[in-house]
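Input: a single structure, listed below in structure tokens.
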Amino acid sequence: MEEFAVPLQAVEPKRLYRQIADQIAQLIANGEFPAGSRLPAERELAVSLGVSRTSVREAIISLEMSRLVEVRVGTGIFVTSQNAAAHGNSVDSGPGPFELLDARKLIEGEIAALAAKNGKPDDFDALARSVDTLEAHVDDFAAREAIDRDFHLRIAKATGNSSFELVVEGLWNQRAELWGRLQHHFHTHELALQTIRDHAAIAKAISARDPEAARTAMHRHITRVAREFQRGIDVAAQSAAAKPASPTKQPTLAAITRARGIKARD
């Protein structure tokens, strides 16, 4: 068999949200979406690109990380820069936040159920203390994040299988800058209080040795987090559709349709 003289490297397909972000970034660089203009509503972008609104949400967040757009809750999503080069250097290569939440819902739900079966009294006490500690630090964002992570790791530990600890730790390590941007925008004091209530429900079900209730409580918790993040972006997207256009040239959906090059439909 003849060998190639030039070494080749494996090609990694871009995640869908990155394809979307790259396309919008290029349209910004080309002047189709000028600085100061407001992007079309999320629903319109999703239809024009032939993708889900979730993927559009993740793409918009990655563009904001690159400082190409700014999400102004209650106003819309605005182009702030036409330096598309910055986008390629800063966007995450890992899974998108909503993609990650889908995985966590499935995996951590089963881990919670197993913790209810296999957990020991010391494990249950540790979960109860974690809930109390979270409540004591409700207004300390950094502390909440650390306590939140520890709570989920303690559930994995309660299964008695160290492999599950590694799995949960790996999932949490995937929470890259995109996740942090979502937290920055939409994690309010009320949502922090709801997280405490969610954790209390999960801990109660596990301590009661009720696997089904533990699984359900975990599913509800992660579903709520995803819903609140989606709602926050929806507010900005809906505002984009409702507010009158500014005098600056506004981007058109025709530009997106002409440039459409998404290779996978989610």
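The opening position of the sequence shown corresponds to residue 24 in the working numbering, with each subsequent residue numbered one higher. Backbone N, C-alpha and C fix where the C-beta goes; we use that ideal spot for every residue, glycine too. Predicted model, so just to flag it, every value in this text is computed and none were measured.
Alpha-carbon spacing of Leu216 relative to Ala223, whole angstroms:
11 Å
With which residues is Val92 paired in a DSSP beta bridge?
Val102
Inter-residue spacing [alpha-carbon to alpha-carbon] between Phe101 and Phe252
19 Å
Could you check what DSSP says for Arg38 in three-state terms: helix, strand or coil?
coil
Helix or strand or just coil, what does DSSP make of Arg61?
strand
Quick check on Ala231: does DSSP put it in helix, strand or coil?
coil
For Val154 and Ile219, I'd like the C-alpha separation in whole angstroms.
Distance between the alpha carbons of Val154 and Ile219: 6 Å.
Just checking, does the segment 187-194 make contact with the segment 146-164 on the three C-beta pairs under 8 Å criterion?
no
Whole runs of the beta strand (DSSP E) within the segment 172-204, excluding any shorter than 3 residues:
The beta strand (DSSP E) runs lying completely inside the segment 172-204 and spanning 3 residues or more number zero.
Beta-carbon contacts of Ile43 that lie in its chain and below 7 Å, excluding the five residues immediately before and after:
Leu72, Val74, Ser78, Val79, Ala82, Ile285
N- and C-terminal bounds of the alpha helix (DSSP H) containing Gly132:
120-141
Can you grab the Cα-Cα spacing for the pair Ala69 / Leu129, in whole Å?
The straight-line gap from Cα to Cα measures roughly 26 Å.
Just the Cα atoms here: how many angstroms apart are Ala169 and Ile47?
35 Å
Need the endpoints of the alpha helix (DSSP H) that Asp162 sits in, please.
That residue, Asp162, is in no alpha helix (DSSP H); it is neither H nor E in DSSP.
Express the C-alpha separation of Glu93 and Thr211 in angstroms, rounding to a whole number.
19 Å
Buried or exposed by the 16-neighbour rule on C-beta atoms within 10 Å, applied to Pro267
Summary for Pro267: the model assigns pLDDT 49, below 50, so the residue's position carries little reliability, and this model does not support an answer.
Local Cβ density within 10 Å of Pro292, reported as buried at 16 or more and exposed below that
This structure gives no information on residue 292, because the portion of the chain shown stretches from 24 to 289.
Within 7 Å: the Cβ of Val94 and any heavy atom of the ligand MN?
Because no ligand of any kind appears in the structure shown, any question about the ligand MN cannot be addressed here.
Any idea if Ala181 is buried or exposed, counting beta-carbon neighbours within 10 angstroms, 16 or more meaning buried?
Around the Cβ of Ala181, a 10 Å sphere holds 16 or more other Cβ atoms; the residue is buried.
Taking only three categories from DSSP, how would you classify Glu55?
Here Glu55 sits in coil by DSSP.
If we count the other Cβ atoms within 10 Å of its Cβ and call it buried at 16 or more, is Asp45 buried or exposed?
Buried: at least 16 other Cβ atoms inside 10 Å.
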